[in-house]
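Residues in the sequence shown are numbered from 6 upward in steps of one, following our numbering. One structure is given here, and the rest of the page talks about it.
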Amino acid sequence: MPYDADAPPNLGRLRAFVGDLAALLAEPHDEPRALEAGAALLARLIAKDDWLPEACAQPHPTRYRQYLLHCDSRERFSIVSFVWGPGQATPIHDHTVWGLVGVLRGAELSQRYLRVGPRLIPDGPVRRLERGEVEAVSPALGDLHQVSNALPDKPSVSIHVYGGNIGAVRRTAYDAAGRPSPFISGYSNATTPNLWDVSRQEAP
Ligand code: FE2
């Protein structure tokens, strides 16, 4: 179904995803299993583009945006919408926790990197993630990458899930020469979507 900006967001879909993810992480699990099962849940969430509030899909003229959609009360996971304007990209960066990236609108380019001594070198070709596709990152799988909007003329939106409160995690970004600089990303929004007014919102 094409995206309809005039329809009210179906927040029940995001609420169901939050519940499913919390249930998954409440069970004994190892990271590969959590990533595999979490990726299937995320793929289902992004298969329909009728639930993301407009306020969390707004691009910025010069910088990519990261809107917190939900953070688990124990900070076991957070869900973020990344909005990329044309030409916008992250620096090379790490995460230090597991992460899942799923494209909701448009397309993204992802380049992984490996550390070799003091240098960072590309790890494989640039991967183009199309709408509906999901990619995983983690310290165990490879945690360094650079992400950019694949579309030259339109915003792209991806939904990310991380194994922590990602906006508060101490991480590292790298310049083109591989020089590190610490950062804590924070979030672009001050308020999160109200998922819990079940009197107003239809279940998916
Ligand atoms: Fe990333």
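Just so it is clear, CB atoms sit at the ideal spot from N, CA and C, and this is done for glycine as well. Fair warning: this is a prediction, and the values are worked out from it, not measured in the lab.
So is residue i buried or exposed if we call it buried at 16+ other beta carbons inside 10 Å?
| i | result |
| --- | --- |
| Pro13 | exposed |
| Trp201 | exposed |
| Gly111 | buried |
| Ile126 | exposed |
| His75 | buried |
| Asp99 | buried |
| Ile189 | exposed |
| His65 | exposed |
| Ser78 | exposed |
| Gly92 | exposed |
Whose C-alpha, out of the options, is nearest the C-alpha of residue i?
| i | options | result |
| --- | --- | --- |
| Leu26 | Gly104, Asp158, Ala155, Ser186 | Gly104 |
| Arg5 | Leu16, Asp9, Gly129 | The chain is shown only over 6 to 209; residue 5 falls outside these bounds and no answer can be derived. |
| Tyr167 | Gly183, Val131, Leu47 | Leu47 |
| Tyr69 | Gly169, Lys159, Thr197 | Lys159 |
| Ala155 | Ala21, Val102, Arg49, Leu114 | Leu114 |
| Leu149 | Asp128, Leu134, Pro157 | Asp128 |
| Ser83 | Ala173, Thr196, Gly169, Arg176 | Gly169 |
Using 8 Å for Cβ pairs, my map puts residue i next to residue j. What's the rounded Cβ distance?
| i | j | result |
| --- | --- | --- |
| Leu213 | Ile164 | With the chain covering 6 to 209 only, the question about residue 213 has no answer from this structure. |
| Tyr179 | Pro96 | 7 Å |
| Ala61 | Asn194 | Before going on, a small fix: residue 61 reads as Cys here, not Ala. Their Cβ separation, rounded to whole angstroms, is 7 Å, which keeps Cys61 and Asn194 in contact under 8 Å. |
| Val139 | Val106 | 7 Å |
| Val88 | Gln63 | 6 Å |
| Ser153 | Ala94 | 3 Å |
| Tyr192 | Tyr118 | Not quite, the Cβ-Cβ distance comes to about 25 Å (not below 8 Å), so this is no contact. |
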